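Protein chains in written order, with the numbering used here: chain A, 9 to 290; chain B, 997 to 1315; chain C, 173 to 614. Here a beta-carbon is modelled for each residue, glycine too, at the ideal position from N, C-alpha and C. This structure is a prediction, so every number in the text was calculated from the model and none was measured. What follows is a set of notes on a single structure, which appears directly below.
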Amino acid sequence: MLLDSTLLYTVLILCAVGVIAAALLYVVAQRFRVEEDERIDVVAAKLPGANCGGCGSAGCRNFAEKLVASEDLAGLFCPVGGAATMKDVADYLGRAPVEKAPQTAVVRCGGSCAKRPHTNLYDGAASCAMSAMLYGGQTGCIFGCLGGGDCAAACNFDALSMNALTGLPEVDQTRCTACGACAKACPKLLIELRNKGFRDRRVYVSCRNKDKGGVARKSCAAACIGCGKCVKACAFEAIALADNLAYIDSNKCRLCRKCVAECPTGAIVETGFPALKQTKDG
Amino acid sequence: MEKKLVISPSPHVYGGENTLRLMLDVLVALAPALAVSFWVYGWNVLVVTAVSIASCVAAEWLLQRFLLRGPLTVGNLSAVVTGTLLAFNLPSTLPLWMVATGALVAIGVGKMSFGGLGRNPFNPALVGRVFLLLSFTGAMTTFPAVTDAVTGATPLGFIKGGLKSGLSISELASQLSYADLLFGFKSGSFGEISALALILGGIYLMIRRVISWHIPATVLGSMALLSGVLWLADPSSYMSPLFHLLTGGAMLGAFFMATDYSTSPMNRRGMVVFGVGIGLLTMTLRLWSAYPEGMSFAILIMNAFVPLINKYVKPRRFA
Amino acid sequence: MAKKFRKGGVHPPENKSTRNLPCETFPLPEVAVIPLSQHIGAPSVACVEVGQTVVVGQLIGRSGGFVSAGVHSSVSGRVTAVGDVTDIRGMRTPAVMIEVEGDTWLDTVDRSEEIVHECDLAPEEIVARVAEAGVVGMGGATFPTHVKLSPPPNTKADTLIINGAECEPYITCDHRLMVERSREIVVGATIASRALGVERTVIAVEANKPDAIEALRLAAAGRVEVAELRTRYPQGGEKQLIEAVTGRRVPSGGLPIAVGAVVQNVGTAVAVYEAVQKRKPLIERRLTVTGSGVARGGNFAVRIGTPFEKLIDHCGGLRDDQIKIISGGPMMGYATGNMQSPVTKGTTGILALSGSEARRRPETSCIKCAKCVSVCPMGLEPYLLIKLVRLGRAADAEPRAILDCIECGSCAYTCPASLPLLDFIRTGKRTVAQLKRERDAK
C-alpha cells in the first residue's frame, strides 16, 4: 500500500508543479509580451535566412524589420535572394519592387605565382589584414593579392577558395551571392561586385596596380601598365584610365572583347564566352 | 637565384620553452616518486605505470587517427604525462585491464572529447581515477601491506576507520610514524606515498619554472590552516596538520594534479583562489565525508570553477 | 640596489657580442637615399630640386607641421631624384636621392672634437635649435624631440629620464655611445633638463653594462643622477622605465607627462648636445650590425641614407640563403624584405638572423600554461586577446585593455606553443582603435 500511495503522491505533486509552472509561464509571457508587426515574421520567412549581412543589416530578421518599416523599399536589396525574393516581398507588402541587376564577386588581381615572382617570404600568421598592416606584400607589387585568404575565410557560402597553384582566390559563381563580405575583408580592395552580365559574360581589368608602367611590369607580368590601348580600342567609351590603371564600366561595356586582344599584358580578362574561353592564368 | 628575405612581424626570437620540454620536465619531476614506489612495492609499480602510459598513448593516437582525423599530437608527450599521473593514483595491485580502462576513460572522456590538449576542463588523470574508484571501489581501495602497523589501509583510512570503531586519536597516532609517512613506507596509491620525493619533484618544477609556487603553496597552506585550527581546538579528535600534509594525495595533488595547465586558472590571483578552494575542500571531504581521501574530488570540483575564476579574477593591470 | 619595473617581463639571451667593439665611422655611400618621413607625424616637404648641389647639413626637407621634423642632407653632392622609393616595408615613400661628391659641410657646423660644456640659452632657444636640427627620438620611436621638450601648457615635468637601458638583445650601439661619449650625454641631458626646467635628471642604465655606468658616473660628477636598472626586458619601455626610476605609473592611455616625466634616449641626448652646442643637424646615427647571418658584427656611425646592403656587405655579406634582416632588435625590430632600405634616424641596428632562427616556429595548440599572462608587463591576458581577435570579436577586447599593449612581444617570446600572440593582438588593436575613432566621430 505504501508503494501505491508513494506513486500516487509523486504523480499528483508532479502534476501540480506542472500546472503551477504553466500558469507562471503564461502570466510572464503575457506580462512581458513585445508588440510586433506580424508582417515581419512573414517577410523574414520569405528571405533566404543566410544572415550574411550582405544587405547591410545585422541578419535577415533585422532586414525584414527595415523592409516592413520602409515606405518605398529604396536602398533595400537582398543580394542573396536577388530580384525574385525582392519582388515576392514587395508584392506581399504592396509596394513597387526594386530592380537590380544580379551581381557576382570578381577578383581584380591576375598576379599568380608564375606571373608575379615573390621577392620575399612572409612568415607571420596567415592573415591579409595583418600583413597588409605591416608590409607591402611578398612581391614587388604593393596593390596585389597577399594570398592570406581573408576573403575565403569571410565567405559564408563556400564560394571563394584559394587556388594553391596561383596563390589567388577563385570565385565559384554558382555559389556566390554577391553579399560583399569578401570585398570588405580584402585590405587591398581587390574584390569588386560586378554585374553578372548577359549569360555570365564579363570583361574586366584584373589588376589594381597604380604604379607607372615600367614599375608595374617589372613586378608583375600580368599588370595593367596604363598604356591606354584598350581605351582607344573601345568603341563604347566604357574604359577609363586613371592613375596608370584602366577600369571597364560594366554598365557601358558591350562585351565586344576588342580590348582583350589589344591588352599587351593580358590584364583584361573575359569570362563566360563560349569558344574563346580561356583560363585566367597561363 | 636572388635570395628571398624572410619577413614577419616582431618578435623574432623565441624563449627556450615548448610543450614537449614542459612535459619532459614533469616526467623528470615524477621520477623520484616512481623510484620510491618501486622500492616499496616492487615490479608491479613499473608494470602498472607502463600499461597506463601505453593505454593513454594508444587511446590518444587511435582517437585522433580514426575518430577525430585531426593532426596527431602524441609526440608532445602529454598523453605520457597523463598516463603516469593516472598510474600514480592507482594501487599497484590493480588488475591491468582496469588500468587500461581507466586510461581510456582518462584520455577519451577526460581529454579528447573536449578537443584535446589545452581544452579539457577536468584533469584527465583524475577523471580516470575517479571513474575507477566509483566503478571498482573494492579493487581501488585495497592496498598491499607495507608495514606491520598499518596493514593494507591508507593512513587516512586507518584513522577514519579507527575513529569509527571507537578508538581515540592518541591511540591511533601512536601506531604511525611521521618518518614513514615522509619517506613513503605507507599504504596507498603508489605514486602518492613518498611525500619527500614529491616535494623534490615539485621543487624541480618550480626551479625550471614549469609551475609557479602559487597553487601548491595555497593548497597546502589552506589545508594546514584548517586542520591546524581544528587540531589546536580539539587535539583529541583531529590529527595534526603535518599528518594531513604527509598523507593521501596531498603532495601529489598540490604539486602535480592541481597545477595541470589546462585545468587551472590563467593568472596568479586566480591560482590563489583556486588553491585555497582545493585545500579547504580537501580537508572538508577528509574530515566529514564518507571517503577518507578528498584531494581528487576537491581538484575536480575546483576544476569546474576555473572558467568562473578566469572570468572574475583578473590580473592586476599596469595602470 | 638596482631598480626594476614591478610586473612581468622576460630575460632573453643577450647575445650582445658586439659590446666591446669600438664604434667605427662608416665610409660614405655612393648614393644616399634620404626619406622625407623618418619620424612620427607629418612628413617633411622636399625643398631641393633635381640637379641642385647640396652640402652636408643642408636642409632638404622642411618640417611639415609642429609634430614633424626637418630632414637634412647627410652627404654633399648632387640631387639626382626627388620622388617615391621603396621603403623598409616594401611600400612607396617620398625621398631625396643624392649622388655623393666629396664631403663638404655647411660652414655653420662646429666640427671640432672639443666639448662645449656651458649652455646659457633660454629654454625656447634650446627647443628652437633642436627643432632646427631635425632631432627625433633615437631609440627607434622617432618622435620629434622638440615636441617632447615643450610639454603642453597645463602640464609640468619634474623628472627627465635619459634612457640607456638598451634592453633589446643583440643591440649595443647605445652601450658603446655611453662608454665613448659619456660627457656629451651628460651635457645633452643637462641642456634638455634646462629646456624642460625639471628638478631631477636621471640617466638610467641596465646593470649588464657596468662599464657604461662607470663612465657616466665619472662624466656626470654628481651633476646628474646615474641609476642602475636590473636587466629585464622591456626595461627600456617608456612606462616601465618611468616606474622603475620614479615609482609612478603612467595611467592607461596617458602620456608620461601625466606623471611629470619625460624620457629621452641617450642617443637623443647626444643629438641634442650636437644640435645646441655644435649647431650640427641630425645627419648620422650609431647602429649595430650583428647576428648569425653576417660574418662579423660591429658598431658604426653611419650617415643617414646609407643602404642596408652596404652595411651588410661591409660586415662580410649574408651567410645563408634563408635570412631575416631586422631593423632594430629581435623583440621589437622590423623585419624588412628590402635590402636597399636606407638607414634612417630611427635605425638602432641591423640584425641578420639565419637558418632556423630566421623562421617562425610552427604553431601548436594553446596549453593554457598562463605564461603569457605572467610575463605581460602591462598585466593583460594575451591568450584571451588572441582568442577574441581570432573569433572576430575584437570589440570585446577593448574593455580588456587591448590598447594598453606596448607590443613588447614578451608573450609571443615566452609561449611554449609558439602562438602568434602579438600578431593578432596588433591586428585587434588596430580594429579597436578604428572602432574608437568611429565612435568619437559620432
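- By the neighbour-count criterion, in which a residue is buried when 16 or more other Cβ atoms sit within 10 angstroms of its Cβ, residue 130/A is buried.
- Per DSSP, residue 1089/B is not a residue of any alpha helix (DSSP H), being assigned neither H nor E.
- Of the other Cβ atoms in all chains shown, fewer than 16 fall within 10 Å of the Cβ of residue 36/A; this residue is therefore exposed.
- Looking at the DSSP output, residue 466/C sits in a beta bridge with 490/C.
- The continuous beta strand (DSSP E) containing residue 266/C extends over residues 264–272.
- For residue 491/C, not one C-beta of chain B is nearer than 8 Å to its own C-beta.
- Cβ-Cβ distances below 8 Å link residue 359/C to 287, 288, 289, 291, 445, 449 in the same chain, with the five nearest sequence neighbours on each side left out; the list follows chain order.
- Residue range 1264–1284 is occupied by the alpha helix (DSSP H) that includes residue 1278/B.
- Bounds of the beta strand (DSSP E) holding residue 169/A are 168–170.
- For residue 523/C, the secondary structure class from DSSP, reduced to helix, strand or coil, is strand.
- In the three-state DSSP reduction, residue 285/C falls in the coil class, being neither helix nor strand.
- Excluding its 5 nearest sequence neighbours in each direction, residue 264/C has C-beta neighbours in its own chain below 8 Å: 256, 257, 258, listed in chain order.
- Taken through DSSP and simplified to helix, strand or coil, residue 211/A comes out as strand.
- Residue 118/A has a beta carbon lying at 8 Å or more from every beta carbon in chain C.
- Three or more beta-carbon pairs separated by less than 8 Å link the stretch 193–207 of chain A to the stretch 92–110 of chain A, which places the two stretches in contact.
- Take residue 388/C, set aside five residues on each side of it, and the residues of its chain with a beta-carbon closer than 8 Å to its own are 336, 350, 354, 357, 358, 375, 377, 398, in chain order.
- The straight-line gap separating the alpha-carbon atoms of residue 239/C and residue 594/C is approximately 28 Å.
- Taking residue 1308/B as reference, the option from 1269/B, 1074/B, 1035/B, 1162/B with the minimal CA-CA separation is 1269/B.
- Distance from the CA of residue 1214/B to the CA of residue 331/C, rounded to the nearest whole angstrom, comes to 41 Å.
- Around residue 1290/B, the same chain offers 1244, 1277, 1278, 1279, 1280, 1281, 1282 as residues with beta carbons nearer than 8 Å, after the five sequence neighbours per side are excluded.
- Of the other Cβ atoms in all chains shown, 16 or more fall within 10 Å of the Cβ of residue 190/C; this residue is therefore buried.
- Per DSSP, residue 1169/B lies in no beta strand (DSSP E) segment; the continuous alpha helix (DSSP H) that holds it begins and ends at 1165–1169.
- Taking a 10 Å sphere around the C-beta of residue 1256/B, we find 16 or more other C-beta atoms and assign the residue as buried.
- The beta carbon of residue 184/C is closer than 8 Å to those of 341, 405, 502, 503, 585 in its chain, skipping five residues each way along the sequence.
- Distances from the CA of residue 1177/B to each of 1026/B, 1232/B, 1098/B, 1033/B were compared; the closest alpha carbon is that of 1033/B.
- For the stretch 131–150 of chain A, the set of residues with a beta-carbon nearer than 9 Å to any beta-carbon of chain B comprises 131, 132, 133, 138, 139, 141, 142, 143, 146, in chain order.
- With respect to chain A, the C-beta atom of residue 1002/B has a partner C-beta closer than 8 Å.
- For residue 154/A, the nearest beta carbon of chain B is not closer than 8 Å to its own beta carbon.
- Residue 1216/B is positioned such that its CB atom lies no closer than 8 Å to that of residue 1238/B.
- The beta carbon of residue 1057/B sits closer than 7 Å to the beta carbons of 1068, 1070 from its chain, once the five residues preceding and following it are set aside; these are given in chain order.
- Residues of the stretch 597–609 of chain C with a Cβ closer than 8 Å to any Cβ of chain B, in chain order: 598.
- In this structure, 1265/B is the residue among 1197/B, 1192/B, 1265/B with its C-alpha nearest to the C-alpha of residue 1210/B.
- Contacts with chain A at 8 Å (Cβ-Cβ) include residue 1005/B.
- When the beta-carbon positions are compared, residue 84/A and residue 106/A come within less than 8 Å of each other.
- If you compare the alpha carbons of 583/C, 575/C, 580/C, 596/C with that of residue 609/C, the shortest gap goes to 575/C.
- By the criterion of a C-beta distance shorter than 8 Å, residue 276/C is surrounded in its chain by 227, 228, 248, once the five residues flanking it on both sides are discounted.
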